[in-house]
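Residue numbers (this note's numbering): 1 to 115.
Glycine included, C-beta positions come from ideal geometry on N, C-alpha and C.
Given the structure is predicted, the values throughout are model-derived calculations rather than measurements.
This report refers to the structure that appears directly beneath it.
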Amino acid sequence: QVQLVESGGGLVQPGGSLRLSCAASGIIFSDYGMGWYRQAPGKQRELVARISSGGSTVYAESVKGRFTISRDNAVNTVFLQMNSLSPEETAVYYCRASSYTNNYWGQGIQVTVSS
Numbered sequence: 001q002v003q004l005v006e007s008g009g010g011l012v013q014p015g016g017s018l019r020l021s022c023a024a025s026g027i028i029f030s031d032y033g034m035g036w037y038r039q040a041p042g043k044q045r046e047l048v049a050r051i052s053s054g055g056s057t058v059y060a061e062s063v064k065g066r067f068t069i070s071r072d073n074a075v076n077t078v079f080l081q082m083n084s085l086s087p088e089e090t091a092v093y094y095c096r097a098s099s100y101t102n103n104y105w106g107q108g109i110q111v112t113v114s115s
């Protein structure tokens with residue numbers, strides 16, 4: 001059974017930082033590309049950042065220079081360090097694991113940026 005469990009979300013003030021984690025089980029983690037997506041109320045889900053099995057990274061333009069995605073294959077976990085957060089980034093953040101044949105999503109975690 002594949003599980004992707006996100007943690008680290010919550011309430012943060014504008015300009016603050018959060019670090020999200022996504023722990024994977026039931027897959028050969030090192031074989032999967034991992035990504036973070038977010039969905040704000042009334043909006044479509046969008047890519048935030050992704051990291052390939054080889055470590056190559058891609059970021060949405062809006063988060064470049066502020067967010068960092070990384071992975072630790074030893075503990076089957078992908079991270080998203082988010083700095084200088086703005087209220088517009090309030091959303092549910094989702095973890096995704098993808099390979100050529102499979103695609104899995106976490107249940108999502110709320111991030112609220114508000115004073």
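State buried or exposed for residue i, treating a residue as buried only when at least 16 other CB atoms are found within 10 Å of its CB.
i: G106; result: buried
i: G35; result: buried
i: Y32; result: buried
i: E6; result: buried
i: V75; result: exposed
Starting from residue i, follow the beta strand (DSSP E) in both directions and report where the run begins and ends.
i: Q81; result: 77-82
i: G8; result: Run containing G8: none; DSSP gives neither H nor E here.
i: N73; result: Run containing N73: none; DSSP gives neither H nor E here.
i: A23; result: 18-25
i: T101; result: Element bounds for T101: n/a, residue is neither H nor E.
i: V111; result: 109-113
i: I51; result: 46-51
Would you call the CB atoms of residue i and residue j closer than 9 Å?
i: A49; j: T77; result: no
i: A97; j: V12; result: no
i: N102; j: I27; result: yes
i: S25; j: S53; result: no
i: L47; j: A23; result: no
i: V111; j: G10; result: yes
i: R71; j: I51; result: yes
Closest to residue i by C-alpha separation, out of the options, would be which residue?
i: L20; options: I109, S114, S115; result: I109
i: Q39; options: T90, S114, Y104, L11; result: T90
i: Y88; options: V58, E46, L11, V113; result: Before going on, a small fix: residue 88 reads as Glu here, not Tyr. The residue with the shortest Cα to Cα distance from E88 is V113.
i: G8; options: S115, Y94, S99, Y100; result: Y94
i: V58; options: Y37, Q44, S99, G42; result: Y37
Sufficient close CB pairs (3 or more, under 8 Å) joining the segment 12-27 to the segment 74-83: With a cut-off of 8 Å, the segment 74-83 and the segment 12-27 count as touching, because enough Cβ pairs lie within range.
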